[in-house]
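Heads up, the thing below is written out as structure tokens.
Numbering (the UniProt record's numbering), first residue to last: 1 to 276.
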């Protein structure tokens, strides 16, 4: 009985979906690329479906992608940010800005975004200062190098030890900037080989010791293609398999493209959890 309650206590309460919205012409999954007009329509649809977390990015961070000029990024975002603020859409969901540029982060936070998702792992002092000033929830993702070269010569002596060290050191830095509302992202597909990605999903509960919500975003990524031989548009089943196991192992947030399917996934998962 004691063991049962201990295992139950470790699990996050209600898992959430973080919907992906890309305002980029080159995101790896074509169906997730939106023009401003289409993106606004998509946001309203997501809100109707009850989605509470929406992650918006205007610069691709897929492997081999170039770092883009923040001005281009801000230009792509402008219309969306104005709509979110003027229509008070932030009252219905939390908006997350996916960027590694401090100026872009600041612009989004000024427009009532409340989550900062910096895939560079808060490497710049400018980003840390912006975060300190606005106090968003920070998504701390594990990665190495930049998206352009992160998949070259990937090597770990011990993946879990090195990630523990990374998270511990970064959390200390964030704390120095008075940032405590933090989500940990294992960085599935960022500077990792297939076997690393699979090990992270299988042993995700390892990271519950940090006592932070865990985010997993394996949606349609290359590891699924390597296992199934399928192209990105046919990787939904593989995505759902990985994301279900991530939930079983303690994930609180799934960052995903396919919203209807993930809503169903979570309903079924919760029913299973409630079954004796």
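Here a beta-carbon is modelled for each residue, glycine too, at the ideal position from N, C-alpha and C. None of these values were measured; they are calculated from a predicted model.
Note to self: Considering just the uninterrupted stretch of the beta strand (DSSP E) at residue 188, what are its terminal residues?
What the structure shows: DSSP places residue 188 outside any beta strand (DSSP E), giving it a letter other than H or E.
Check: Skipping 5 residues on each side, what residues in its chain have a beta carbon closer than 6 Å to that of residue 194?
Finding: 223, 226
Next item on the list: Please name the residue in 143, 144, 128 whose C-alpha comes closest to that of residue 278.
Entry: The displayed coordinates of the chain run from 1 to 276. Any statement about residue 278 would go beyond what the structure contains.
Item checked: Helix, strand or coil at residue 181 [DSSP, three-state] -> coil
Margin query: I'd like to check one pair, residue 188 with residue 200: are the Cβ atoms closer than 8 Å?
Written below: yes
Next item on the list: For residue 158, count neighbouring C-beta atoms within 10 Å of its own C-beta (all shown protein chains included) and say buried if the count is 16 or more, exposed if not.
Entry: exposed
Check: Along the chain, where does the alpha helix (DSSP H) that runs through residue 260 open and close?
Finding: 259-274
Item checked: residue 117, buried or exposed, once every other Cβ within 10 Å from all chains shown has been counted against 16 -> Per the 10 Å Cβ criterion, buried.
Checklist line | Nonlocal neighbours in the same chain, by C-beta distance under 6 Å from residue 242, ignoring five residues either side | finding: 201, 218, listed in sequence order.
Next item on the list: Measure the alpha-carbon distance for residue 263 versus residue 271 and round it to whole angstroms.
Entry: Across the structure, residue 263 and residue 271 are spaced so that their CA atoms are roughly 13 Å apart.
Next item on the list: Report the residue from 36, 18, 19 whose alpha carbon sits nearest the alpha carbon of residue 25.
Entry: 36
Next item on the list: Would you tell me roughly how many angstroms separate the C-alpha atoms of residue 176 and residue 229, rounded to the nearest one?
Entry: 45 Å
Check: Between which two residues does the beta strand (DSSP E) harbouring residue 75 extend?
Finding: That residue, residue 75, is in no beta strand (DSSP E); its alpha helix (DSSP H) goes 70-86.
Note to self: Measuring straight from C-alpha to C-alpha, what distance separates residue 93 and residue 50?
What the structure shows: 8 Å
Next item on the list: Compute the beta-carbon to beta-carbon distance between residue 47 and residue 89, rounded to the nearest angstrom, for a pair I have assumed lies under 8 Å.
Entry: 7 Å
Next item on the list: Go through the region 98-166 residue by residue and report every complete run of the beta strand (DSSP E) that reaches 3 residues or more, in order.
Entry: 115-118, 137-141
Item checked: Short Cβ contact (8 Å threshold) for residue 39 with residue 81 -> For the pair residue 39 and residue 81, the CB atoms are not nearer than the 8 Å cut-off.
Notebook entry, point to check: So, using beta-carbon positions, are residue 191 and residue 144 closer together than 8 Å?
Noted result: yes
Checklist line | Helix, strand or coil at residue 20 according to DSSP, with G and I counted as helix | finding: Note: residue 20 maps to strand in three-state DSSP.
Item checked: Neighbourhood of residue 206 by C-beta distance below 7 Å, restricted to the same chain and skipping five residues each side -> Taken in chain order, the residues that qualify are 160.
Margin query: On the DSSP bridge list, what partners appear for residue 255?
Written below: In the DSSP secondary-structure assignment, residue 255 is bridged to 18.
Checklist line | Range covered by the beta strand (DSSP E) that runs through residue 56 | finding: 53-57
Note to self: DSSP three-state label for residue 36, please.
What the structure shows: helix
Margin query: Are the CB atoms of residue 58 and residue 76 within a distance shorter than 8 Å?
Written below: yes
Check: By how many angstroms is the C-alpha of residue 232 removed from the C-alpha of residue 28?
Finding: Any reading at residue 28 must be qualified, since the residue scores a pLDDT of 48, below 50, and its modelled position is unreliable; the value itself is stated next. Rounded to the nearest angstrom, the two C-alpha atoms are 8 Å apart.
Item checked: Residues near residue 256 in its chain [Cβ-Cβ closer than 6 Å; skip 5 each side] -> 17, 219, 262
Next item on the list: Leaving aside the five residues before and after residue 235 along the sequence, list all residues of the same chain whose C-beta is less than 6 Å from its C-beta, in chain order.
Entry: 220, 224
Next item on the list: Figure out for me which residue from 204, 19, 41 has the closest Cα to the Cα of residue 163.
Entry: With distances taken between Cα atoms, residue 163 lies closest to 204.
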